[in-house]
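Below is one structure, written out as structure tokens; the observations come after it.
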Amino acid sequence: MRTENADARSVIHEAIAANRLTHALLLKGRNIEALVAMAHEVAGRILGTSADKVEGHADFFLLRPTNKMRQINVVNTRELIRLIQHSPSQGSRKVAFVMEVDRMNREAANAFLKTLEEPPEDTTIILATVRPHAVLETILSRCLGFWFSEQEKPLDDLSWKQWLVEFADWLLLTSEPISEKRGSTLRIMRLYGLIEGFERCQDAIHAARWETESARLREGVSDEEKDALEVGVTKSVRDRMLGEMELCLRDFAMGRINSAPDGADDSLDVASRLAQCVSGLERLRGLLELNLSSSRMLEAFLLNVLRVWSARS
């Protein structure tokens, strides 16, 4: 069952106030941090506490990916199921929150289905995912889904902002006619400079983000959970960087179209080139999910971008 509502927050809050909230909510969107914040907000309302104190509440149970593979395994899933069978400790309700439910392996998902279909009467189950297509249909069908369209803010890092400027300048260079061998060499030299800069920015942003995130962890978080959270921060930072690269590519393409001479209409050609680059970026994203060398994969992507934009119409 699915409900996509621009005012999903109000719908959920009204249902809580009227004591008509469904037993299983699926929070979907593109920003996992926003979904986690919303889950904490909902749980806080149900449990009668503030969102920032939810994770320390005796009747709040959290299940999230563990280890560097970032999977939710069947052992941890069964432990969650066991815990929510008990009566509430501090009030009349319990909340179970499954963060990144798409990371459940099949065995864990199958073990969870029965509980999701018939949870204890005093329990609300909240699931969150930015990849609903990767969640079993049998899980999706047992939840009331809400879409949250909040976008991630641009990364606030001066070195990264400068990198994007250099990337945009390089894109302009790729589309200019090559008048001499030096011009071709310059494009390649800048390409490898972009690769080095990307790696430096990614490492610096990750270090800053992980320092902040690790300081917020409650006591008792296992090493496996910490590993998964740190890998999650790495992937989140990388995905946001790739997303901002895509926006830069789109801005460049629109600039090409808008700057075309009067009477010239090369919008279809530009759109085709942009589509090739975006497709390549999605391939890059998928390959990096497999933990392949980021510098090699980025090199292949940028070389393809160079070929796409330097090709004559």
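The opening position of the sequence shown corresponds to residue 0 in numbering that gives the first Met the number 0, with each subsequent residue numbered one higher.
Even glycine gets a Cβ: it sits at the ideal position worked out from N, Cα and C.
Going by Cα to Cα distance, which pick from R77, R8, Q70 and F96 is closest to M103? Q70
Hey, would you say G196 sits closer than 9 Å to E223, going by beta carbons? no
Identify every run of the beta strand (DSSP E) within the region 132 to 201, keeping only runs that are complete inside it and at least 3 residues long; order them along the chain. 143 to 147
Starting from L126, trace the beta strand (DSSP E) both ways and give me its first and last residue. T122 to T128
Determine the extent of the alpha helix (DSSP H) in which M98 is found, giving its start and end residues. That residue, M98, is in no alpha helix (DSSP H); its beta strand (DSSP E) goes K93 to M98.
Within its chain, find whatever has a CB closer than 7 Å to the CB of R77; leave out the 5 residues flanking it on each side and keep chain order. A110
Helix, strand or coil: how does DSSP classify I71 here? strand
Could you please give me the residues that DSSP links to K52 through a beta bridge? DSSP, once it has assigned bridges, lists no residue as partnering K52.
Among the residues of its own chain, which have a CB less than 6 Å from the CB of C200, if the five just before and after it don't count? S158, W159 and W162
Comparing alpha-carbon positions, which option in H22, L20, R19 and A38 lies nearest G28? A38
Do L143 and T169 come within 9 Å of each other at the CB atom, strictly closer than that value? First, the residue type needs correcting, since residue 169 is Trp and not Thr in the sequence shown. It is not a contact, given that the beta carbons lie outside the stated cut-off.
Considering only their Cβ atoms, is the gap separating V35 from L24 smaller than 9 Å? no
For T65, which three-state DSSP category applies? strand
Apply the 10 Å Cβ neighbour rule to S140 and answer buried if 16 or more other Cβ atoms are within range, or exposed otherwise. exposed
Report the option in A14, S294, A167 and D51 whose CA atom is closest to the CA atom of M244. A167
For A206 and P119, what's the separation of their Cα atoms in angstroms? 41 Å
Taking 8 Å as the limit between beta carbons, can you name the residues of its chain near L115, skipping five residues before and five after? A23, I124, I138, R141 and C142
Skipping 5 residues on each side, what residues in its chain have a beta carbon closer than 8 Å to that of N75? L62, T65 and A107
What residue range is occupied by the uninterrupted beta strand (DSSP E) comprising L216? Per DSSP, L216 belongs to no beta strand (DSSP E) and is neither H nor E.
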